[in-house]
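Numbering (the working numbering), first residue to last: 3 to 561.
Backbone N, C-alpha and C define an ideal beta-carbon position, used for all residues, glycine too.
What follows is a set of notes on a single structure, which appears directly below.
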């Protein structure tokens with residue numbers, strides 16, 4: 003027994019050096035960040051902006067990281083620890099202390115403190131008492147493993163006494179660390195026993211909205227509506243994401259002159275209006291080299307995989323962006339939807355110049371085997387977009403969409419086939435009940451001159467070719483928005499958007515102008531309140547139609 007104790011003490015200087023190296027490497031590991039609670043987390047803009055899924059669970063490897071985070075409450079940068087090369091780098095050990103001479107002796111006599119395996123030292127910061135104690139604690143756990151390789155003549159009796167005093171010096175820190183390790187192990191075991199899934203996490207959003215039209219020609223009552231989205235995000239490799247979203251709501255759009263869709267707001271988009279639950283999105287993202295692939299079985303829209311270049315207004319029809327579907331993104335991204343495939347291809351480029359190409363195909367009736375339906379014979383939209391990011395503040399996009407639309411189908415339907423989500427009645431049903439083809443072209447740009455200002459805009463043009471009669475037409479739309487992020491409080495957004503909703507150019511006459519203002523105020527990290535106003539002139543492209551003034555108070559809960 004005495005021989006075992008002697009070998010343990012003999013091994014202490016070697017273990018001390020090993021533990022300093024091992025603990026430094028463990029402490030330098032970063033703590034992974036959590037995922038964001040929105041569809042924007044999943045949608046990919048360029049290959050350099052791929053959103054990788056991070057499971058919101060505590061893994062066994064996280065224990066050491068959380069331990070270090072807890073025992074370093076005064077450290078501003080926990081990830082910058084580097085291997086020490088001199089005793090003078092100990093922040094709590096002064097040259098006049100006995101520990102200074104003791105440690106210096108160990109360094110010089112036994113070479114306990116060595117560099118990293120790559121031959122570097124990186125000695126640019128001090129080691130604290132807790133960091134030292136954390137390494138010592140880890141070292142003592144390994145003593146039994148190293149005894150077999152130790153020799154009895156490594157140290158002197160004086161060094162043994164010094165080591166004993168060092169361990170007594172850090173006695174309090176060692177006790178604190180061991181208590182926290184026990185607490186973390188207990189917490190980890192509890193989470194593992196009760197976790198929802200090792201691969202899936204739940205992201206939810208609930209929207210409450212009070213809205214009304216205050217125009218002179220108003221047949222609407224004040225309404226209180228809701229929509230709920232529950233998204234199960236599953237990752238199988240850590241870099242892919244399967245989204246299974248369940249939605250329910252009772253929100254319907256306001257009735258405006260001319261049977262127009264111009265008053266549609268983002269929370270009006272739901273698979274039903276009676277609070278019945280349904281799967282409204284089932285999509286899978288996965289990387290292939292530098293590219294990101296998007297495979298969707300239902301509920302897909304173009305903006306799921308293509309950059310819209312409309313920051314702070316775009317929230318993928320969620321409850322934290324613009325109020326209206328028109329202000330949230332260019333109408334060209336509302337052409338088609340459903341099931342299909344999208345891919346974002348990144349080109350070679352420097353850190354400033356970042357081009358990419360996005361290609362996609364979505365079929366609105368892909369699930370139906372009936373004649374005139376299916377993935378290729380039913381309504382579809384094929385998209386190609388060239389993206390260009392110049393630094394982090396300037397982005398451009400040039401878009402082309404070719405679509406086929408069956409009898410009675412709306413142009414800007416987002417895959418809903420018979421009903422539109424933006425624009426006038428005339429713009430969506432140029433050919434009436436006849437099938438038609440569309441060739442659409444769009445330009446979009448976003449400029450962020452500072453962290454407190456963002457300017458974005460778009461223009462789109464659609465050439466409509468009636469396949470039965472001579473009912474061809476041209477549909478135009480354009481708009482520009484200014485956003486002031488973090489106004490009054492971090493996370494707040496003041497947005498002002500103005501433009502012309504999709505209209506049939508051949509009719510001439512008055513254009514349906516759209517002016518919108520909203521202010522999203524964050525009450526907490528998970529609750530925001532957004533009051534806003536939408537002013538529509540000449541709705542339905544009718545010069546005699548009274549203006550509509552829509553007021554909305556939207557409350558959004560994310561979890």
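In this chain, the alpha helix (DSSP H) harbouring residue 191 covers 173 to 196. According to the DSSP assignment, residue 269 belongs to no beta strand (DSSP E), since it is labelled neither H nor E. For residue 501, same chain residues with a beta-carbon under 6 Å away, outside a window of 5 residues either side, are 480, 481, 516 in chain order.
Shown here, residue 334 sits in a helix according to DSSP, grouped into three states. Each residue's CA atom was taken as its position, placing residue 539 and residue 202 some 46 Å apart. In this structure the stretch 276 to 290 touches the stretch 238 to 255; the number of beta carbon pairs closer than 8 Å is three or more. Per DSSP, residue 376 is one residue of the alpha helix (DSSP H) stretching across 376 to 379.
DSSP lists 209, 530 as the bridge partner or partners of residue 558.
A contact between stretches requires three or more CB pairs, one per stretch, nearer than 8 Å, and the stretch 355 to 373 meets this requirement with the stretch 293 to 305.
In the DSSP assignment, the residues bridged to residue 487 are 495.
Residue state for residue 97 is assigned as coil, using DSSP reduced to three classes.
Here the stretch 407 to 416 makes no contact with the stretch 482 to 501; the two share fewer than three CB pairs at distances below 8 Å. Taking C-alpha positions only, residue 174 is separated from residue 194 by approximately 30 Å. Within the same chain, Cβ atoms closer than 6 Å to the Cβ of residue 256 are found at 215, 222, 265, the five residues on either side in sequence being excluded. In this structure, residue 433 and residue 337 do not form a Cβ contact; the two beta carbons are roughly 15 Å apart against a cut-off of 8 Å. Shown here, residue 328 sits in a helix according to DSSP, grouped into three states.
According to the DSSP secondary-structure assignment, residue 371 is paired through a beta bridge with no residue.
Between residue 447 and residue 345, the alpha-carbon positions lie close to 21 Å from each other.
Excluding residues up to 5 positions away in sequence, 229, 269, 321, 558 lie with their Cβ nearer than 6 Å to the Cβ of residue 209 in the same chain.
Residue 311 and residue 296 have their alpha carbons spaced roughly 19 Å apart. Linking residue 339 to residue 390 through their CA atoms gives a straight-line distance of about 24 Å.
The residue from 409, 399, 509, 545 with its alpha-carbon nearest to that of residue 374 is 409. According to the DSSP secondary-structure assignment, residue 234 is paired through a beta bridge with 204, 246. DSSP, read as helix, strand or coil, puts residue 319 in coil.
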